[in-house]
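Engineer: Residue numbers (the UniProt record's numbering): 1 to 494. Below you will find the structure I want to go over with you.
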Amino acid sequence: MADLLGTVPSAEKETENKDKKKEKRPWDDIPRSGEIGKTPDLAETLGFYDINAVRREQRERDNSDPSLARFMCAELTRGYFLEHNEAKYTERRERVYTCMRIPRELEKLMIFGFFLCLDAFLYVFTLLPLRVLLALLHLLTLPCCSLGGSRLLQPAQVCDILKGLIMVLCYSMMHYVDYSMMYHLIRGQSVIKLYIIYNMLEVADRLFSSFGQDILDALYWTATEPKERKRDSIGVIPHFLMAVFYVFLHAILIMVQASTLNVAFNSHNKSLLTIMMSNNFVEIKGSVFKKFEKNNLFQMSNSDIKERFTSYVLLLIVCLRNMEQFSWSPDHLWVLLPDVFMVIASEIAVDVIKHAFITKFNEITADVYSEYRASLAFDLVSCRQKNACTDYSDSVARRMGFIPLPLAVLLIRVVMSSVNVQGALSYSCVFLFYMGMVTLKVLNSIVLLGKSCVYVKRANMEDKLFEKPPTAVPGKTPSRTSKTSRCTAPSGTQ
């Protein structure tokens, strides 16, 4: 009984001790003297505990409580490691380098394409008249009847005569178009109406260029098609009339463009010129967010080359018309030059920005422009061979959409109306100017041919230049593949 009574108080004491341990007093966490550093995580050194570890532990305990100061300190001292995403950041850096290379590579292509267009354009003024004279002389020296059913003229000579006749007829028809009346008619319109007209003219110019070369090619093939084949055409005369009508309409279209640009140059507040320049930047919006493959980008690059060359010729026409109005005063030329440079700079800036972002969004490298340049060089070298499939100017027209005949007719019309040629001295100056153009054409052709051979060799395409042409079976029309197997550029840039 005594043992039982003795165990009851001891049980009560144990319960009280447990309750006291559960009650945590504020000063229990403070280490007593002589017990500082007695934690199991601290390392003992020479029989003493590390006081720095204790302070570090207290600091960590204090930092566990949130506060604005600790948040700002963490934001200012927070670190991160970019090497964990090395592949992603390397790709981003390469994109930046590609965008930095685009202007240089693009301008290399543009300069090469510009001189290609210049060579085809100078050909119309320099070598084409001489070739037409040689073809006519050859036609006159032949007997009246051909022997053995042979051709009177070679296909190239027939095409040259047709081009010469088209230019002569269109130039004669352009005399009935009054440039001054067209200029004043356009000048009387409002700015918004002129802006709409200019946009419509740009669209019409692209449509005319795409369909016009088909009309000319149909004429050339109809006139030179072998007689033994079955003809499915409507005849040479209807095709010739269609070609004359097309070149005349296209020349008038370019004249309206030049007149609109001339009105913009002569406006007092330059508002129309500013609107027309801003229209180029609208082109960026319609291009950079589209899906582009390499072939589509090549077509757009060729179109940009053609547009830039056409813009330069239009600026030349505007300067000629303005200089004529001011009696060829050199002072007025300095007034025109700032606007001319501004238009050229806007064209270059728009092309660079457009191509830079197209290549960025479509993950196309800058080396693709070297491939485009090699493809254009391949066309040039192929057309310079002895038995080429087509004329060089026609090849440039098909590839870039640049047709030199309407532009040449308009430029001749403007120059003849702006420059008064009278007397022997004036005709001597015209002859010297013509010889200078011939010299420029020959030098340009030599340099282009040399550069083209270098580009073709770098692209390893020289073997395709020596492929044997397909042999046509007598009495059988060759297929489309056999006709174009040698005359096309390498696949991949078509």
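Quick reminder that beta carbons are idealized off the backbone N, C-alpha and C, glycines included.
Please determine, among L320, Y80, Y220 and V96, the residue with the shortest C-alpha to C-alpha distance to L179.
Structural biologist: The sequence as given places Tyr at residue 179; Leu does not occur at that position. Nearest in C-alpha terms to Y179, of all of L320, Y80, Y220 and V96, is L320.
Engineer: Given this structure, state the Cα-to-Cα distance separating residue 497 from F378, to the nearest angstrom.
Structural biologist: Outside the shown range of the chain, which is 1 to 494, sits residue 497, and nothing can be said about it.
Engineer: On the criterion of 16 or more Cβ atoms from any shown chain inside 10 Å, does D298 qualify as buried, or is it exposed?
Structural biologist: Looking at the sequence provided, one finds Phe at residue 298 rather than Asp. F298 comes out buried.
Engineer: Exposed or buried, what is P330 when buried is set at 16 or more other beta-carbons lying within 10 Å of its beta-carbon?
Structural biologist: exposed
Engineer: Let me see if you follow: with CB-CB separation under 8 Å, is L272 close to chain C or not?
Structural biologist: In the structure shown, chain C does not exist; there is a single protein chain.
Engineer: Would G212 pass as a contact of I412 if the rule is Cβ separation under 8 Å?
Structural biologist: At the C-beta level, G212 and I412 stay beyond 8 Å of one another.
Engineer: Compute the beta-carbon to beta-carbon distance between P406 and V247, rounded to the nearest angstrom, for a pair I have assumed lies under 8 Å.
Structural biologist: Indeed, because the Cβ distance is near 5 Å, the residues count as touching under 8 Å.
Engineer: Just the C-alpha distance for R458 and M174, rounded to the nearest angstrom, thanks.
Structural biologist: Going by the C-alpha atoms only, they are around 46 Å apart.
Engineer: Out of C170, M181, H138 and V132, point me to the one whose CA is closest to I161's CA.
Structural biologist: Among C170, M181, H138 and V132, the Cα nearest to that of I161 is on V132.
Engineer: Are C170 and M400 closer than 8 Å when you measure CB to CB?
Structural biologist: No.
Engineer: Nearest by alpha-carbon distance to P338: which of Q325, L315, V350 and I353 is it?
Structural biologist: L315
Engineer: Which same chain residues, not among the five before or five after F115, have their C-beta less than 7 Å away from its C-beta?
Structural biologist: N444 and L448
Engineer: Can you list, in chain order, the residues of its chain whose CB lies under 8 Å from that of I254, leaving out five sequence neighbours each side?
Structural biologist: D205, T310, L314, P406, L407 and L410
Engineer: Does the distance from the C-beta atom of I305 to that of M110 stay below 8 Å?
Structural biologist: yes
Engineer: Suppose you measure from the CA of V318 to the CA of S303; what does that come to, to the nearest Å?
Structural biologist: 22 Å
Engineer: Have a look at C429, K354 and Y455 and flag the residue whose alpha-carbon is nearest the alpha-carbon of V381.
Structural biologist: Y455
Engineer: L137 to V168, Cα distance in whole Å?
Structural biologist: 18 Å
Engineer: V421 lies in the alpha helix (DSSP H); which residues open and close that run?
Structural biologist: Note, V421: premise wrong, no alpha helix (DSSP H); not H, not E.
Engineer: Using only the alpha-carbon positions, how far apart do L432 and N279 sit?
Structural biologist: 40 Å
Engineer: Rounded to whole angstroms, how far is the Cβ of V421 from the Cβ of V414, which I believe are closer than 8 Å?
Structural biologist: No, V421 and V414 are not in contact; Cβ-Cβ is about 14 Å, not under 8 Å.
Engineer: With P226 as the anchor, note down where its alpha helix (DSSP H) starts and where it stops.
Structural biologist: No alpha helix (DSSP H) contains P226, which DSSP labels as neither H nor E.
Engineer: Need the endpoints of the alpha helix (DSSP H) that C383 sits in, please.
Structural biologist: V368 to C383
Engineer: Here's the rule: buried if 16 or more other CB atoms are within 10 angstroms of the residue's CB, otherwise exposed. What is V282?
Structural biologist: Exposed, since its Cβ has fewer than 16 Cβ neighbours within 10 Å.
Engineer: Between which two residues does the alpha helix (DSSP H) containing F71 stretch?
Structural biologist: L68 to T77
Engineer: Which two residues bound the contiguous alpha helix (DSSP H) that contains V288?
Structural biologist: Where V288 is concerned, there is no enclosing alpha helix (DSSP H), given that its DSSP letter is neither H nor E.
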